[in-house]
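S.K.: Below you'll find the structure I mean.
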Amino acid sequence: MGIRGWRIPANRCIMRWERVMKVKKIGKYFVLAVISMAVLYVWYPAVGVTDLGNWNHGLRNVLAGVIFVFAAQLVTGRSLLHSSWRPGLVIFYLWLGAFSYIQAKSGGNWGIRVEALNNDVLTLMPVLVLTFLMEYVGSLCWKIRPFLRVFNFFLIGYLSLSVFVYMTYYKIFGAGFTSTDMISVLLTNSKEAMEFLQSHLGFGSLGVVLALFAVYMVFIGWLIVKGSRIDENGGVTSPSLIRKIIIAVLSIAALVTIAHWIPRIFPAWPYHVAHKYLVGAKAAMAKHDENLKKFRFVGGTPEKLPGAVIVVIGESANRDHMKAFNPDYPAETTPWLSKEKENGNFYLLKNTYSCYPLTEKALSMFLTNINQYNDRNRDEMITVTDVANQAGYKTCFISNQAPSPGNMSLALVSSASEKSMTTTHPGGDDMKVVDYLKEMPKDGPQFIVIHLEGSHDRYRDRVPPHFDGVHVEGQTEKVNDYDSSIKYTDEVLKNIYQYAKDNMNLQAMIYCSDHGEDMKYFHGDSTFTWSMVRTPAFVYLAPDYKKTHTAVADNLQYNENMVFTNDLIYDMVCGILAVPNNEYDRKYDITSADYGLRKDMAVTKYGKICIAEDTALSD
564 MGIRGWRIPA
574 NRCIMRWERV
584 MKVKKIGKYF
594 VLAVISMAVL
604 YVWYPAVGVT
614 DLGNWNHGLR
624 NVLAGVIFVF
634 AAQLVTGRSL
644 LHSSWRPGLV
654 IFYLWLGAFS
664 YIQAKSGGNW
674 GIRVEALNND
684 VLTLMPVLVL
694 TFLMEYVGSL
704 CWKIRPFLRV
714 FNFFLIGYLS
724 LSVFVYMTYY
734 KIFGAGFTST
744 DMISVLLTNS
754 KEAMEFLQSH
764 LGFGSLGVVL
774 ALFAVYMVFI
784 GWLIVKGSRI
794 DENGGVTSPS
804 LIRKIIIAVL
814 SIAALVTIAH
824 WIPRIFPAWP
834 YHVAHKYLVG
844 AKAAMAKHDE
854 NLKKFRFVGG
864 TPEKLPGAVI
874 VVIGESANRD
884 HMKAFNPDYP
894 AETTPWLSKE
904 KENGNFYLLK
914 NTYSCYPLTE
924 KALSMFLTNI
934 NQYNDRNRDE
944 MITVTDVANQ
954 AGYKTCFISN
964 QAPSPGNMSL
974 ALVSSASEKS
984 MTTTHPGGDD
994 MKVVDYLKEM
1004 PKDGPQFIVI
1014 HLEGSHDRYR
1024 DRVPPHFDGV
1034 HVEGQTEKVN
1044 DYDSSIKYTD
1054 EVLKNIYQYA
1064 KDNMNLQAMI
1074 YCSDHGEDMK
1084 YFHGDSTFTW
1094 SMVRTPAFVY
1104 LAPDYKKTHT
1114 AVADNLQYNE
1124 NMVFTNDLIY
1134 DMVCGILAVP
1144 NNEYDRKYDI
1154 TSADYGLRKD
1164 MAVTKYGKIC
1174 IAEDTALSD
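Counting in the numbering used here, the sequence shown runs without a single skipped number right up to 1182 at its last residue.
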């Protein structure tokens, strides 16, 4: 065979070796892409991000990220270890690390579900790929390299500045920056802004923050320049036409994705929400003032009750998990209410449903003259606090939830109240509302609305460490945590009731949750279950009140088992206060003899679902 015969096997070995090396390189790219996304799944649970197995907002995003990063490596021949990836990697992990940590820790380490970071991931993932591809393209075309480097610098700079602002705000207040905070920013002036910075941060600390940011940006600039130094020494082989097309497609896809999602993250999104709110609020408030001018009592100005009337708004409470409403439930989750319901002064509305399984949509009807059964809209809104004000009551709003600019009814209740108070670090211990209640006068007619954090996820964080929660063998940890939050709400309600009864001549107390909760699907629009809308509701009437308002007590007792939806609270409150008005309808007032909401008429989810379809509905 001679020398020629030996060359053939040698060439085959070389080709086989090259194929092996190519497969190894591709495998390396894939492993590095997986690791780049897996880092997040190591960090997330450490800081309190949950529901990581969620396909829509968790695993699907991770898979997209792996494919994106893998494709960029494959088409350019530069692994994730190449220096040109580093500027993008810095902002990718800085942003997702900081925002996941701060959002999970805001308000006392409550944690968040992975879906809360969906927009952030979908923005930063293409930023990582795009900044790398821009540098790679610059290495092929040196004439445009300076412009691409400037583009990368300003894109990373904008995102980095946003992170620094967010982290600084968290350092000061212990919570993440919200759209509510953005409202304050939009309403302030330069003098007030400087006074704020001086008061809360100090110019010395502000100087340190700015210096750190400047050093950080110098570091980013150095990484961008260093990223292609090897290219300047050895040059870069021009890729094939097919690869150029793929690189162009990847770059355009990344750019379009960023353009779509970056307005949906901080600070653009809080600004959008705040601006929209301020515009809408201005118009709605103006209309609301006109509505008040049209408001009138039927039969003249009513007499005021001699003491306090309290409306308590619960959060994510499912009556199926409450022993007082469901005697067969295995855990005693309502020890106080289970006892008090036997004294004849408490009326449990056993077939209460939420009008919508989302807080803001539920509360937009909860406290107003707008319900699922009339034709009124937001422009015609009157709140229970408006009614109390017109009747001459001292009014107060106490909340353990952060204000939501999108919730017009609560905004109107808050602004209309003579005194409006939000607890420090809202979202924490609901018992704090009792301390704020003690700031109210101890005598005279008063109307008070209290908004609890209740059983908002994460359930275990709604319960202080010292509280004896629920531990039922055979129930999952999540259910036990939820039941513990229900039991703690029972304790909070007990304390509100007892203090008001002993010190404020409590005339009536109403409790109802905004919506329910499903142990698998929580609550929301995506999946509907009856657990999301089965809410508890009860009314307490003082013995003295019952003597002077016998018909209200008798009607409540008669209607206890009737279907009731929480968008009818307005009419119920008007009935209890004995303040008939032009926005009141007796047939929607469960304290009236004319109450007429039959189960075949009752609806939820803004009229989309008939409550009669609930097979668990009692007769």
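Cβ atoms here follow ideal geometry from the backbone N, Cα and C, with glycine treated the same way. In this text, all values refer to a predicted model and were calculated from it rather than measured experimentally.
1. When we look at the beta-carbon of Met1135 and count the other beta-carbons within 10 Å, is it buried (16 or more) or exposed?
2. Thr1167 by DSSP, collapsed to three states: which one?
3. Answer yes if the segment 828-844 comes into contact with the segment 950-959, meaning at least three C-beta pairs across the two stretches below 8 Å, and no otherwise.
4. If you draw a straight line from the C-alpha of Leu1056 to the C-alpha of Ala871, how long is it?
5. Does DSSP put Asn934 in a helix, a strand or coil?
6. Tell me the rounded alpha-carbon separation between Pro1106 and Asn908.
7. DSSP has Ser1076 in a bridge; who is on the other side?
8. Using only the alpha-carbon positions, how far apart do Ala1116 and Thr986 sit?
9. Go to Cys959, then tell me how far its alpha helix (DSSP H) extends in each direction, as first and last residue.
10. Of all the alpha helix (DSSP H) runs that stay within the bounds of the segment 642-718, which reach a length of 4 or more residues?
11. Does any residue of chain C have a CB that is nearer than 8 Å to the CB of Asn1129?
12. Starting from the N-terminal side, write out each stretch of the beta strand (DSSP E) that is 3 residues or longer and does not extend beyond the segment 774-823.
13. Going along the chain, which residues of its own chain have a beta-carbon closer than 7 Å to the beta-carbon of Trp648, five neighbours each way excluded?
14. Identify whether Ile1153 lies in helix, strand or coil by the three-state DSSP scheme.
15. Would you call Val812 buried or exposed, if buried means 16 or more other Cβ atoms sit within 10 Å of its Cβ?
16. Identify whether Cys1137 lies in helix, strand or coil by the three-state DSSP scheme.
17. Measure the CB-CB distance between Ile809 and Val638 and report whether it falls below 8 Å.
18. In this structure, how does DSSP classify Tyr1121 when only helix, strand and coil are distinguished?
19. Quick one: grab the DSSP three-state call for His1034.
20. Just grab the DSSP bridge partners of Tyr910 for me.
21. Given Asp1077, which residues of its chain have a CB within under 8 Å of its CB, disregarding the five upstream and five downstream residues?
22. The beta strand (DSSP E) with Phe1127 in it runs from where to where?
23. Starting from Gln1070, trace the beta strand (DSSP E) in both directions and tell me its first and last residue.
24. Answer yes if the segment 676-689 comes into contact with the segment 626-636, meaning at least three C-beta pairs across the two stretches below 8 Å, and no otherwise.
25. CA-CA distance, Thr1178 and Arg882?
26. Within 10 Å of its beta-carbon, does Trp658 have 16 or more other beta-carbons around it, so buried, or fewer, so exposed?
27. Looking at Tyr1084 and the ligand ATP, is the gap between the Cβ and the nearest heavy atom below 7 Å?
28. Tell me whether the beta-carbon of Phe716 lies closer than 8 Å to the beta-carbon of Gly784.
29. Quick check on DSSP: helix, strand or coil for Met994?
30. What whole-angstrom Cβ distance do Tyr592 and Gln636 have, given they're in contact under 8 Å?
31. Run the CB neighbour count on Leu775, radius 10 Å, all protein chains shown included, and call it buried at 16 or more, exposed below.
32. Helix, strand or coil for Lys886 per DSSP?
33. Rounded to a whole number of angstroms, what is the C-alpha to C-alpha distance between Ile821 and Ile719?
34. Going by DSSP, name the residue or residues bridged to Asn1144.
35. Note down, in chain order, each residue of its chain lying with its Cβ closer than 8 Å to the Cβ of Val510, except the 5 sequence neighbours on either side.
36. Ser1018 to Ala979, Cα distance in whole Å?
M.R.: If we stick to the structure as given:
1. For the purposes of this step, residue 1135 is taken as the residue at position 572 of the sequence shown. Counting Cβ neighbours within 10 Å, Met1135 comes out buried, since at least 16 surround it.
2. Translated into positions along the sequence shown, residue 1167 becomes position 604. Of the three classes helix, strand and coil, the one that applies to Thr1167 here is strand, per DSSP.
3. As far as the Cβ criterion goes, the segment 950-959 does not touch the segment 828-844, which means the pair count is below three.
4. Position 493 of the sequence shown, counted from the start, is the residue given in the question as residue 1056. Position 308 of the sequence shown, counted from the start, is the residue given in the question as residue 871. C-alpha separation (whole angstroms): 15 Å.
5. If you number the sequence shown from 1, residue 934 lands on position 371. If DSSP states are grouped into helix, strand and coil, Asn934 belongs with coil.
6. Numbered from 1 along the sequence shown, position 543 holds the residue referred to as residue 1106. Numbered from 1 along the sequence shown, position 345 holds the residue referred to as residue 908. It is roughly 7 Å from the alpha-carbon of Pro1106 to the alpha-carbon of Asn908.
7. On the sequence shown, position 513 is the one that residue 1076 refers to. Per DSSP, Gly877.
8. On the sequence shown, residue 1116 is found 553 positions in, with the first residue counted as 1. On the sequence shown, residue 986 is found 423 positions in, with the first residue counted as 1. Near 34 Å, if we compare the C-alpha coordinates of Thr986 and Ala1116.
9. Residue numbering aside, residue 959 sits at position 396 when the sequence shown is read from its first letter. That residue, Cys959, is in no alpha helix (DSSP H); its beta strand (DSSP E) goes 957-962.
10. Runs found: 649-672, 681-703.
11. Although the question refers to chain C, the structure presented lacks it and comprises just one protein chain.
12. DSSP runs (the beta strand (DSSP E)) wholly in the segment 774-823: none.
13. Here residue 648 is taken as the residue at index 85 of the sequence shown, counted from 1. The beta carbon of Trp648 sits closer than 7 Å to the beta carbons of Phe695 from its chain, once the five residues preceding and following it are set aside; these are given in chain order.
14. Within the sequence shown, residue 1153 is the residue found at index 590, counting from 1. Coil, per DSSP.
15. Walking along the sequence shown from the start, residue 812 turns up at place 249. By the C-beta density criterion, Val812 is exposed, having fewer than 16 other C-beta atoms within 10 angstroms.
16. Taking the sequence shown and counting its residues from 1, the one referred to as residue 1137 is at position 574. The three-state reading of DSSP puts Cys1137 in helix, counting H, G and I together.
17. By one-based count along the sequence shown, residue 809 stands at place 246. By one-based count along the sequence shown, residue 638 stands at place 75. A Cβ-Cβ contact shorter than 8 Å links Ile809 with Val638.
18. In the sequence shown, counting from the first residue as 1, residue 1121 sits at position 558. If DSSP states are grouped into helix, strand and coil, Tyr1121 belongs with the helices.
19. The sequence position of residue 1034 within the sequence shown is 471, counting from 1. Reduced to three states, the DSSP call for His1034 is coil.
20. Mapped onto the sequence shown, residue 910 falls at position 347. Per DSSP, the beta bridge partners of Tyr910 are Val1102.
21. Counting from one through the sequence shown, the residue named residue 1077 turns up at place 514. So the qualifying residues of the chain are Ile876, Gly877, Glu878, Ser879, Ser917, Thr922, Ala925, Leu926, Phe929, Thr1098, Asn1129.
22. Mapped onto the sequence shown, residue 1127 falls at position 564. Run containing Phe1127: 1126-1128, per the beta strand (DSSP E) assignment.
23. As a first step, residue 1070 must be located in the sequence shown, where it is residue number 507. Note, Gln1070: premise wrong, no beta strand (DSSP E); not H, not E.
24. A contact is defined here as three or more CB-CB pairs under 8 Å, and the segment 626-636 meets this definition with respect to the segment 676-689.
25. For this step, residue 1178 is matched to residue 615 along the sequence shown. For this step, residue 882 is matched to residue 319 along the sequence shown. The C-alpha of Arg882 is placed about 15 Å away from the C-alpha of Thr1178.
26. The sequence position of residue 658 within the sequence shown is 95, counting from 1. With 16 or more Cβ atoms within 10 Å of its Cβ, Trp658 is classed as buried.
27. The ligand ATP is not part of this structure, which contains no ligands at all.
28. As a first step, residue 716 is located in the sequence shown; it is residue number 153 there, counting from the start. As a first step, residue 784 is located in the sequence shown; it is residue number 221 there, counting from the start. A distance below 8 Å separates the beta carbons of Phe716 and Gly784.
29. In the sequence shown, residue 994 corresponds to position 431, counting from 1. Taken through DSSP and simplified to helix, strand or coil, Met994 comes out as coil.
30. For the purposes of this step, residue 592 is taken as the residue at position 29 of the sequence shown. For the purposes of this step, residue 636 is taken as the residue at position 73 of the sequence shown. Cβ atoms of Tyr592 and Gln636 come within 8 Å of each other, at about 4 Å.
31. Numbered from 1 along the sequence shown, position 212 holds the residue referred to as residue 775. Per the 10 Å Cβ criterion, exposed.
32. Taking the sequence shown and counting its residues from 1, one reaches residue 886 at position 323. Of the three classes helix, strand and coil, the one that applies to Lys886 here is coil, per DSSP.
33. Residue numbering aside, residue 821 sits at position 258 when the sequence shown is read from its first letter. Residue numbering aside, residue 719 sits at position 156 when the sequence shown is read from its first letter. Answer to the nearest angstrom: the Cα atoms are 12 Å apart.
34. Residue numbering aside, residue 1144 sits at position 581 when the sequence shown is read from its first letter. DSSP lists Phe860 as partners of Asn1144.
35. Because the chain in this structure spans residues 564 to 1182, residue 510 falls outside the shown range and cannot be described.
36. Looking up residue 1018 in the sequence shown gives position 455. Looking up residue 979 in the sequence shown gives position 416. Ser1018 and Ala979: Cα-Cα distance of roughly 27 Å.
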